[in-house]
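Residue numbers (my numbering), protein chains in the order written: chain A, 4 to 400; chain B, -10 to 349; chain C, 62 to 373.
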Amino acid sequence: MRERLRSNAIVKPVADALAVARRRSERAYGSVPNALRLFLLAALLIGVPFYEDPFAGGVIFDERWLAVFRLVGLYIMLGLGLNVVVGYAGLLDLGYVAFFASGAYLYALLASPASPAIDFPIDDVPWLFWAMLPAALFVGALFGVLLGIPVLPMRGDYLAIVTLGFGEIIRLFLINKTDFTGGSQGLYGIKAPPLPDFPGLNITELKSTALTEWYIFIVIAIFIVAFCATRLRDSRMGRAWEAIREDEDVAEAMGIDTIKYKLMAFAMGAAIGSLGGTIFAAFQGSAIPDSFDLLVSINVVSLVVIGGMGSTWGVVLGAVILIGIPDFLRFREASDFLGLFDPLVPFADTHNWAEDLRENRFIVFGALLVAVMVLRPSGLIPSRRRQIEFAAAAEEA
Amino acid sequence: MSSPPRRTGKVPTGWLLAIAVVVIYVGVVLIDDDKGWSFWLDQTRNGLTTGSLYALIALGYTMVYGVLRMINFAHGEVFMIGSFTGWVVLTKVFGGNDMSDAVIAPAILVAMLAAAVVTAGSVIVIERIAYRPLRHAPRLAPLISAIGVSIFLQNLFLRLTEGRFRQYPRIFPQGPGESVDLGFTSIDYIEIFLIGSSILMMLALYLFVQRTKMGVSIRAVAEDQEVSALMGVNVNRVIALTFVIGAALAGVAGVMYGLWLLNIKGTMGFLPGIKAFTAAVLGGIGNIPGAMAGGFLIGLAESVGREQLNSVFNPVLHWIGAGGLGLGNEWKDVVAFVVLVGVLLLRPTGIFGEVVGKRA
Amino acid sequence: MTSPPETSAPAKPAIFETHSLTKRFEGVVALSNLDLTVTQGSIAGLIGPNGAGKTTLFNVATGFYAPDEGSISLGGKHIGGLRPHSITALGIARTFQNIRLFANMTALENVLVGQHMHADFVARATPEDLDTDGRFWARLGHPKRWAYRIGFPVRAVWEVLATLGRPGVVQETERVAVDRSRDLLGFVGLQGRHNEIARNLPYGDQRRLELARALATRPKLLLLDEPTAGMNPQESREIVHLIRSIRDELGTTVLLIEHHMHVVMGVCENITVLDYGQKIAEGPPEVVRSDKSVIEAYLGTGVGSGNGSAGG
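Given below as structure tokens:
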């Protein structure tokens, strides 16, 4: 009774409102994003390292912040990639770390002095990093297809477990194939690639540090990746993915080569993951197996699901919550900020509970996943379609 | 004019396959002269012991899948909870390593019972909070929720134990000279205990499902939920029951794991969970005897398979000039994944052919 | 048995033929030595009691199941065992007994998915001889087919790049597809409902949408599985009218499964009756209506008592 009430009182109007909004913005083929709005947003984000504190002086977001932002940005990229696989095509891939690792090792094998693959690292070639970015896309896509082929006949739960297995196998491979990957030591000592100086932005007296450059690089990369992902979604290919997600048999009967398009989804997702891996190895300066464990896959899946499967802004929000906040909790500012709530927390005088929260973040992740699925299954910022889908499911229940 | 549907004789392919696996296994053991009999007997013994644990855990996957068509991703964590419950009972209540000989038997019994009760209780809570509200949701939802439960429990126990191992008391003597001599080989007490009690439990479960009224209603719900509900079966209760039975078996398996391998940890459930799941798929998911057979097969494949893979693959790898690619001990865990992918690709119905069809 | 296929006046060529087609499930024979011919440009009916194998025939014809024995051909090309999407490409489309729309997509998007093959900006046409006559080529694959396969990665990369860059040819293809989808929606009577979510459409409109989606694949042969199931007389009359205009205006051959006898007798020019996977009668409505074995099969006075379990 209560559930029916809820579904009628809340879900139905939401779905209706969406339908109305949709009718208004008749999207025949691909919604044209508000280019100006996006441009302003990009400018705002790129400016972040240069914001000055009007009261205390100096920059608001110092290097610690930029390091966090950089990591969040990386995960947004990974999330956008996995979103193609999980959100668009509906294939739950729990082994996404495999592609992340392939990109990272691809770069590290060439650029690390510890690399067993070549006698000397080609780290004196300034354009190596830039050359490796398209290479990473290509190799990632190839890996995506290779790992995709055996799982083609599998659906849902089985796909999840088998891809999970692939992720683990990759990690075991990285640890055990000492003569190829450097074993658990990993490949280290990669020189930072020379990023452009962004001279135009260097008008203030602030020095454009490496971190600033990385930050700007990643913001731009995210915009490009998000643009590509949206284009893929609003296309014939995206429609084929949607059809496969809704009903694979019927999609096939409508003339869609489901094998081809499932492999395409794996390839696209993997390419983006691999690109993220190369960037990660470059700014980390190393690639070690420990960075590529199950947790990466879980993080990425969680942020996509919590943000809202299929939704670009959902991925952004998911990454900020799951990756940004735990790191932020390490900051003094976080303790100061949370300290304001100390009177409300019974054990505040004995515990540094900001630190507690950080250390227990995976427990919180787990609970969040369950809570989101039960209370708001379409995620925090749902994509239109998911919202309809889950609303309908709630109505049937 | 019209003739009734003709039935062609149904070949028991499942049994043929199972027999073929055993024959190949024996053949492999017989042909391989280098390592000798006792080595293979050791491997077999070891494989059967692990296999009985996998079988117990696999039953939970298979039963829940049977009624809900859902993989309980958190099942490995239920196994872990059982193990920790047993540890608490044995060390805090019965004094751990200082336990006197007289209380050993009751202590183990109490530990197992407690583990069964605690896991059953926790799985009821899990089902209520994380699964039941999602029973009619799109298929991805309960799966992700289960992954959430799994992450939650794993990290909760990691935090509670500060990420360290906990040690079971060494109740069963293990090691050289501490085992039963059978003439051609020797077998540890704990192994006898493990294999024996798991077979007993599996028999009991089989009889329960086949002979009792509750068992019949479980099978009815597995067949068709709506019709069973119309026939007066309380579907919710039956679903809860399958969760509880599966959890209790996994809980007991957790205690046995602790008694055997001694060290337990918050992440201990992950790999056995995956392998038991593989066992359930191998035996035909939804099929109870299949899960038992699958468990033993995976256990054997794991302990024997790696050795055999090495002796088969190494020459090949050398030949193609990749000699260093030999499989180290760490690759043991990969066997299960390979079996899983292989089964799903070649015979998705499992060897005993429960029809999963395209729902898989 | 009534008439063997060759006597049924071959004035027009056959578009769809099966020869001793057999399909078994777990020992149950769902289709047994079935010979069926559908002439080009006709509206043919397929009737029979529940479990007679009607839907199984559809599933074999569209590639959901591979036949166990016998042959099945469309316009002279063997299609038995091809994957569903290739069969669709060769010109068979279908609707489903229980409506299977892409429920969370709009009406327009549903039809656009049906246009998938024809909105292909990469390969304007898939090689015509996807499968050829003759067992040898069918097994090995035609050289052209191999050339097509080997070109797969190149086409895939081009497809991605074109999707991202969206050059004129892509926009044009899409625009044509959208226009055609609108026309089709109008044709089935769903004007102005393009942007409605499929699951929110009323039942009858969902049936129409499914028809439009099937038509979007530009079929030579349209298989309709109980197109008027669950409809009131008024609605079914409209659907019958629509089926007629599909044949008359689009020239599509129609083969339909139906339980409503007045619909079958009213619209079909040739009717085949199945029972237990076998053809028990065939001919124009008036012949079938008075056939003794048909009456027996429906009323169950004959040998066959109890229900077949082969799945209808």
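In this text, a Cβ means the ideal position worked out from N, Cα and C, and glycines have one as well.
Chain A within 9 Å of A75/C, Cβ atoms only = no
Nearest neighbour of M292/C, chosen from N159/C, T167/C, K73/C [CA to CA] | With distances taken between Cα atoms, M292/C lies closest to N159/C.
Span of the alpha helix (DSSP H), counted from its first residue to its last, around N86/A = 66 to 86
Alpha helix (DSSP H) containing L151/C: first to last residue?
-> 145 to 151
Runs of alpha helix (DSSP H) lying entirely within the stretch 126 to 172 of chain B, each at least 4 residues, in chain order = 129 to 149
Using a C-beta cutoff of 9 Å, does Q214/B count as contacting chain A?
-> Closer than 9 Å: no.
Those runs of the alpha helix (DSSP H) which lie wholly inside the stretch 4 to 78 of chain B and span at least 4 residues = 26 to 57, 64 to 77
Rounded separation between R9/A and L372/A - CA only = Confidence in R9/A is poor, its pLDDT being 44 and thus under 50, which makes the residue's placement too unreliable to answer from.
When the cut-off is 9 Å and only beta carbons count, does I259/A lie next to chain C?
-> yes
For N261/C, the three-state DSSP class (helix, strand or coil) | helix
Taking V249/C as the query, report the chain A residues whose CB atoms sit under 9 Å from its CB, ordered along the chain.
-> Within chain A, no residue comes near V249/C; the closest Cβ sits about 16 Å away, beyond 9 Å.
Between M178/C and chain A, is there a C-beta pair that is closer than 9 Å?
-> yes
Using beta-carbon positions only, say whether G75/B and G243/B come within less than 9 Å of one another.
-> yes
Thinking just about the alpha-carbon of each residue, which of F77/C, P263/C, P74/C, I104/C is nearest to the one in H302/C?
-> I104/C
Where T261/A falls: helix, strand or coil (DSSP) | helix
Where does the unbroken beta strand (DSSP E) through L48/A begin, and where does it stop?
-> No beta strand (DSSP E) holds L48/A; the alpha helix (DSSP H) holding it covers 38 to 49.
Between the beta-carbon of G102/C and the beta-carbon of T289/C, is there less than 9 Å?
-> Here G102/C is not near T289/C, since their CB atoms are 9 Å or more apart.
Own chain residues within Cβ distance below 7 Å of T256/B, not counting five before or after = Q143, L147
Tell me whether N111/C is buried or exposed, calling it buried when 16 or more other Cβ atoms sit within 10 Å of its Cβ.
-> Counting the other Cβ atoms within 10 Å of the Cβ of N111/C gives fewer than 16, which makes it exposed.
Between A91/B and chain A, is there a C-beta pair that is closer than 9 Å?
-> no
Which same chain residues, not among the five before or five after G189/A, have their C-beta less than 7 Å away from its C-beta?
-> S289, A290, I291, P292
V324/B - DSSP class collapsed to helix/strand/coil | helix
Compute the beta-carbon to beta-carbon distance between R248/A and G93/A, rounded to the nearest angstrom, for a pair I have assumed lies under 8 Å.
-> 3 Å
According to the neighbour-count rule (16 or more other Cβ atoms, all chains shown, within 10 Å of its Cβ), is I125/A buried or exposed?
-> exposed
Candidates V323/A, V367/A, A59/A: which alpha carbon is nearest Y81/A's?
-> The residue you asked about is not Tyr; residue 81/A is Leu in the sequence shown. Ranking the options by Cα distance to L81/A, first place goes to V323/A.
What is the DSSP secondary structure of L282/C, counted as helix, strand or coil?
-> strand
Taking R85/C as part of the beta strand (DSSP E), name the residues at either end of that continuous run.
-> 75 to 86
Let me know if D170/B comes out buried or exposed under the rule of 16 or more other beta-carbons within 10 Å of its beta-carbon.
-> exposed
Listed from N- to C-terminal order along the chain, which residues in the stretch 136 to 155 of chain B have their beta-carbon within a distance smaller than 9 Å of any beta-carbon of chain A?
-> Only I136, G137, V138, S139, I140, F141, L142, Q143, N144, L145, L147, R148 from the stretch 136 to 155 of chain B bring a Cβ to less than 9 Å from some Cβ of chain A.
For P324/C: DSSP bridge partner residues | Residue identity check: residue 324/C is Val in the sequence provided, not Pro. Answer is none; V324/C lacks a bridge partner.
Would F286/A be called buried (16 or more neighbouring beta carbons within 10 Å of its own) or exposed?
-> F286/A is buried by the Cβ-count criterion.
Chain B contacts from the stretch 139 to 173 of chain A (Cβ-Cβ distance under 8 Å) | P153, V154, P156, M157, R158, G159, D160, Y161, A163, I164, V165, L167, G168, F169, E171, I172
What residues from the stretch 152 to 180 of chain C come within 7 Å of chain A, judged by C-beta to C-beta, listed N to C?
-> R155, R161, F163, A164, N165, M166, E170, L173, V174, G175, H177, M178, A180
Are G247/B and L79/B touching if we call contact CB-CB under 9 Å?
-> It is a contact, given that the beta carbons lie within the stated cut-off.
Residues bridged to L335/C [DSSP beta-bridge criterion] | K340/C
Determine which residues of the stretch 366 to 388 of chain A have a Cβ less than 9 Å from any Cβ of chain B, and write them out in chain order.
-> Residues of the stretch 366 to 388 of chain A with a C-beta less than 9 Å from any C-beta of chain B: I366, V367, F368, G369, A370, L371, L372, V373, A374, V375, M376, V377, L378, P380, listed in chain order.
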